[in-house]
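Protein chains in written order, with the numbering used here: chain A, 40 to 179; chain B, 40 to 179; chain C, 40 to 179.
I have placed the structure first, in the form of structure tokens, so that the comments after it can refer back to it.
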Amino acid sequence: MAVIQHQINLSAKPRGFHLITNEILDKLPDLQEVETGMAHIFIQHTSAGLSINENADPSVRRDFETHFNRMVPEDTSLFEHTLEGPDDMTSHIKSSILGHSVSVPVTNGRFNLGTWQGIYLCEHRNSGGRRRLIVTVYGD
Amino acid sequence: MAVIQHQINLSAKPRGFHLITNEILDKLPDLQEVETGMAHIFIQHTSAGLSINENADPSVRRDFETHFNRMVPEDTSLFEHTLEGPDDMTSHIKSSILGHSVSVPVTNGRFNLGTWQGIYLCEHRNSGGRRRLIVTVYGD
Amino acid sequence: MAVIQHQINLSAKPRGFHLITNEILDKLPDLQEVETGMAHIFIQHTSAGLSINENADPSVRRDFETHFNRMVPEDTSLFEHTLEGPDDMTSHIKSSILGHSVSVPVTNGRFNLGTWQGIYLCEHRNSGGRRRLIVTVYGD
Numbered sequence: 040m041a042v043i044q045h046q047i048n049l050s051a052k053p054r055g056f057h058l059i060t061n062e063i064l065d066k067l068p069d070l071q072e073v074e075t076g077m078a079h080i081f082i083q084h085t086s087a088g089l090s091i092n093e094n095a096d097p098s099v100r101r102d103f104e105t106h107f108n109r110m111v112p113e114d115t116s117l118f119e120h121t122l123e124g125p126d127d128m129t130s131h132i133k134s135s136i137l138g139h140s141v142s143v144p145v146t147n148g149r150f151n152l153g154t155w156q157g158i159y160l161c162e163h164r165n166s167g168g169r170r171r172l173i174v175t176v177y178g179d
Numbered sequence: 040m041a042v043i044q045h046q047i048n049l050s051a052k053p054r055g056f057h058l059i060t061n062e063i064l065d066k067l068p069d070l071q072e073v074e075t076g077m078a079h080i081f082i083q084h085t086s087a088g089l090s091i092n093e094n095a096d097p098s099v100r101r102d103f104e105t106h107f108n109r110m111v112p113e114d115t116s117l118f119e120h121t122l123e124g125p126d127d128m129t130s131h132i133k134s135s136i137l138g139h140s141v142s143v144p145v146t147n148g149r150f151n152l153g154t155w156q157g158i159y160l161c162e163h164r165n166s167g168g169r170r171r172l173i174v175t176v177y178g179d
Numbered sequence: 040m041a042v043i044q045h046q047i048n049l050s051a052k053p054r055g056f057h058l059i060t061n062e063i064l065d066k067l068p069d070l071q072e073v074e075t076g077m078a079h080i081f082i083q084h085t086s087a088g089l090s091i092n093e094n095a096d097p098s099v100r101r102d103f104e105t106h107f108n109r110m111v112p113e114d115t116s117l118f119e120h121t122l123e124g125p126d127d128m129t130s131h132i133k134s135s136i137l138g139h140s141v142s143v144p145v146t147n148g149r150f151n152l153g154t155w156q157g158i159y160l161c162e163h164r165n166s167g168g169r170r171r172l173i174v175t176v177y178g179d
């Protein structure tokens, strides 16, 4: 059983939901060394999250942004932790709702995603900058 | 360390929250080959999710459906991606809130769930059809 | 590849969001036996959850409690499953939104968390008592 671990520094993204499957795969040339196993992708931040969702229609990612802004409103009167602005505390909350990691089965040395699945970076800050991932792949 | 991986095709379920622990275990006769480790259950779709919750009282599953319909309302005026109907975009959002995988510790060749825990299929589409899982079990 | 698994019984916590990174590490002296791998922390309950978020400012944890009480209101007229009180069904819902496990990369025998990340116990019941975790660490 092999364990491969890499740090990946994503390019900076604007606020919103972004497909990053290919940006991850480009930095994982040794994924094919694991025939059967798992890939775990972890974000080392608390104001951006990771998720898996539809990989084709950009309107899905826009609707995600719309919904999350409505479900977690930037109303600073509701929160104490707003020193960095109205997108501060809401970004922490959104990131815990969506989660800080995704895990994907690996089959025949590839991510075994469904036809319509892609990996999302969920950037909740107005200026989040470059985000750092730790990717761990393990299996036979 | 062993790695076991199976594709499981669930029976079609109506919209709502469904206990699927036994349907998974029935398709995992080799779970007992892993004495200590992990089981990862992944759904290859973007409009249904997986979760872990109460395994006894059906009213819990009904209340989940009630709450998620209220928290993610089927108001097509809010969303762009509604080509397949009012349950289209909302299903994508609900599935990312609940998540596309659950992972369960394996102890003595069995899922080490709490007494009251079961695995849920969260079917958000009115007619989602059969859903496909990839189950990966690994450990010693 | 090694697999280490422990049951950890947390001290009882009041309702709210609590940093438990150090309480977990205190019970994991053998974490350093895994140089590169993963740690999976699982809660065996359906009315409390686990998450990863900001580890410094207590106002973040208070704001989490405020937001989740607003997003999942204790309005018993909305739910059937309220036998144990208004915090019964809402705790089940909150725990599935936040999730029943967190997984953290292990690097050089330590949790490879970001600078500002800590592990949260999300206690949704008014009197949840002691919560039980199953921690599985695996890798080389």
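For each residue, glycine too, the CB sits at the ideal point set by N, CA and C.
- About 6 Å separates the beta carbons of N92 (chain B) and H131 (chain C), which is inside the 8 Å limit, making them a contact pair.
- Bounds of the beta strand (DSSP E) holding M77 (chain C) are T75 to I82.
- Looking at the DSSP output, P144 (chain B) bridges to B:M77.
- Taking R164 (chain C) as the centre and dropping the five residues before and after it, the same chain places the C-beta of S86, D126 and S130 closer than 6 Å to its C-beta, in chain order.
- Straight through space, the alpha carbons of W155 (chain C) and N94 (chain C) are spaced by roughly 5 Å.
- At least 8 Å separates the CB of Q44 (chain A) from every CB of chain B.
- Note on the stretch 45-78 of chain C: whole beta strand (DSSP E) runs with a minimum of 3 residues are 55-58, in chain order.
- For L117 (chain A), the secondary structure class from DSSP, reduced to helix, strand or coil, is helix.
- Under the three-state reduction of DSSP, L122 (chain B) is assigned to coil, being neither helix nor strand.
- Short of 7 Å from the beta carbon of T146 (chain B), and not among the five residues preceding or following it, lie these beta carbons of its own chain, in chain order: T75.
- For V111 (chain B), no beta strand (DSSP E) run applies, since DSSP gives it neither H nor E.
- Boundaries cannot be given for G168 (chain B), as no beta strand (DSSP E) includes it and DSSP labels it neither H nor E.
- Rounded to the nearest whole angstrom, the CA to CA distance from S98 (chain B) to M110 (chain C) is 20 Å.
- Contact between the stretch 162-179 of chain B and the stretch 47-55 of chain B is present, with at least three C-beta pairs closer than 8 Å.
- Shown here for V73 (chain B): same chain residues with a beta carbon closer than 8 Å to its own, the five before and five after excluded, namely A41, I43, V145, G148, V176, Y177, G178 and D179 in chain order.
- Flagged as an interface residue toward chain A: L117 (chain B), by a C-beta distance shorter than 8 Å.
- Take the alpha-carbon of K66 (chain B) and the one of L58 (chain B): they are about 15 Å apart.
- Closer than 8 Å to the CB of P144 (chain C) there is at least one CB belonging to chain A.
- Just so you know, the alpha carbons of T115 (chain C) and K133 (chain C) end up roughly 15 Å apart.
- Using a Cβ distance threshold of 8 Å, L89 (chain C) and H139 (chain C) count as a contacting pair.
- Against chain B, a Cβ distance below 8 Å from F107 (chain C) picks out nothing, because the smallest value is about 11 Å.
- Comparing C-alpha distances from D69 (chain C) to each of C:Y159, C:F150, C:R101 and C:G124 shows the shortest one belongs to C:F150.
- Among the residues of the stretch 121-138 of chain B, those with a Cβ less than 8 Å away from any Cβ of chain A are M128, H131, I132, S134, S135, I136 and G138, in the order of the chain.
- Proximity to I173 (chain C) across C:Q83, C:D102, C:L117 and C:E104 peaks at C:Q83, based on C-alpha coordinates.
- In this structure, M77 (chain A) lies near H79 (chain B), with their beta-carbon atoms less than 8 Å apart.
- Using beta-carbon distances, T75 (chain B) counts as an interface residue toward chain C, with a partner under 8 Å.
- Going by DSSP, N92 (chain A) is part of the beta strand (DSSP E) stretching over A87 to E93.
- The beta carbon of P112 (chain C) lies closer than 6 Å to none in the same chain, with the five residues before and after it left out.
- As computed with DSSP, I158 (chain C) is found in a beta bridge with C:I91.
- Annotation: T105 (chain C) to G157 (chain C) spans about 19 Å, alpha carbon to alpha carbon.
- Setting aside the 5 residues that flank it on each side, E119 (chain C) has no residue in the same chain whose C-beta is closer than 7 Å to its C-beta.
- At a Cβ-Cβ threshold of 8 Å, I136 (chain A) and I63 (chain C) do not count as neighbours.
- The alpha-carbon of T121 (chain A) is positioned some 13 Å away from that of R100 (chain C).
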